[in-house]
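**Student:**
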Amino acid sequence: MAGKKKNAANPQADLARELSELIPQLDEEGLAFLIEQARVHLYNMKVAELEAAGQKIDQASERRAVVVPKGKKAQDEPFQGLSIKAGEGGSDFHIVRAGKWKLFSAEEMLAMTKIATVADPELEVSGRLYQWLKRERSDFFADFPASGPSDKLMVALVALIRKTFTVKR
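In the numbering used here, the protein residues as written are 178 to 346.
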């Protein structure tokens, strides 16, 4: 672009114009290379955009961290950072923890509530709930890893379901 006036307000237009002036001078191999480089660059831009969005989500979930009384650690929190959010219309529910959401239908939540609200101790019931999730919704453990039926997360989920729901007989 030697000798051409640059547009300070729109440098992208200047670069596009310069590229279009160079295109007639390139052979097929050169054009294919530029196209491939453009695609790689577009991909990298999208990855950077998604990473930035992910960081914003992570930061937002950190800001919503649970406040626990002095002398207690966050992992001692009764529900292990779990919460249950009802979807619009009450036809579905989300189990939420650390910015991860897992969707359950009303029927699935009812099944889990029936398991969790029996009069047996939470530790015993957590094993039943673990087995149900493993059989019916094994995808749960991809976002909410539990080492087994007696994992603190499973016991906390039982306690949270007991606190949140009742089954009308």
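Don't be surprised by glycine CBs; every beta carbon is placed ideally from N, CA and C. All figures in this text were calculated on a predicted structure; none of them were measured in a lab.
1. For leucine 310, which of Gly207, Leu287 and Phe342 has the nearest alpha-carbon?
2. Looking at phenylalanine 256 and leucine 306, is the spacing between their C-beta atoms short of 8 angstroms?
3. Cutting at 7 angstroms between CB atoms, please list the residues of its own chain near alanine 293, excluding the five before and the five after it.
4. Any idea if alanine 190 is buried or exposed, counting beta-carbon neighbours within 10 angstroms, 16 or more meaning buried?
5. With DSSP collapsed to three states, give me the class of serine 282.
6. Can you check DSSP and say which residues form a bridge with phenylalanine 270?
7. What are the complete alpha helix (DSSP H) segments, minimum 4 residues, inside the segment 285-332?
8. So, is alanine 323 buried or exposed, given that buried needs 16 or more other C-beta atoms within 10 angstroms?
9. With a cut-off of 8 angstroms on the beta carbons, I'd call alanine 209 and leucine 259 a contact; round off their distance for me.
10. Just reading off the alpha helix (DSSP H) that proline 188 is part of, what are its end residues?
11. My output table needs one value for alanine 185: the three-state DSSP class, helix, strand or coil.
12. Have a look at isoleucine 200 and glutamate 206 and give me their C-alpha separation to the nearest angstrom.
13. Would you identify the three-state DSSP class for isoleucine 343, choosing helix, strand or coil?
14. Between lysine 262 and alanine 186, what straight-line distance do the alpha-carbon atoms span, to the nearest angstrom?
15. Using beta-carbon positions only, say whether arginine 314 and glutamate 285 come within less than 8 angstroms of one another.
16. Just how far apart, CA to CA, sit alanine 296 and arginine 312?
**Tutor:** According to the structure shown:
1. Comparing Cα-Cα distances from leucine 310 to each of Gly207, Leu287 and Phe342, the minimum goes to Leu287.
2. With respect to the 8 angstroms criterion, leucine 306 and phenylalanine 256 are not classified as neighbours on the basis of their beta carbons.
3. Answer for alanine 293: Val302, Leu306, Val335, Ile338 and Arg339, listed in chain order.
4. Under a 10 Å Cβ-count criterion, alanine 190 is classified as exposed, with fewer than 16 other Cβ atoms of the shown protein chains found around its own Cβ.
5. DSSP places serine 282 in strand when its eight states are reduced to three.
6. Note: phenylalanine 270 sits in a beta bridge opposite Ala263 and Phe281.
7. Qualifying alpha helix (DSSP H) stretches, in chain order: 299-313 and 317-320.
8. Alanine 323 should be labelled buried.
9. 52 angstroms between Cβ atoms; not a contact.
10. Unbroken alpha helix (DSSP H) run through proline 188: 188-199.
11. It is coil, neither helix nor strand.
12. Cα to Cα, the separation comes out at about 12 angstroms.
13. It is threonine, not isoleucine, that sits at residue 343 in the sequence shown. The answer is coil: DSSP assigns threonine 343 none of H, G, I, E or B.
14. Each residue's Cα considered, the two are about 47 angstroms apart.
15. Cβ atoms of arginine 314 and glutamate 285: closer than 8 angstroms.
16. Those two C-alpha atoms are separated by around 23 angstroms.
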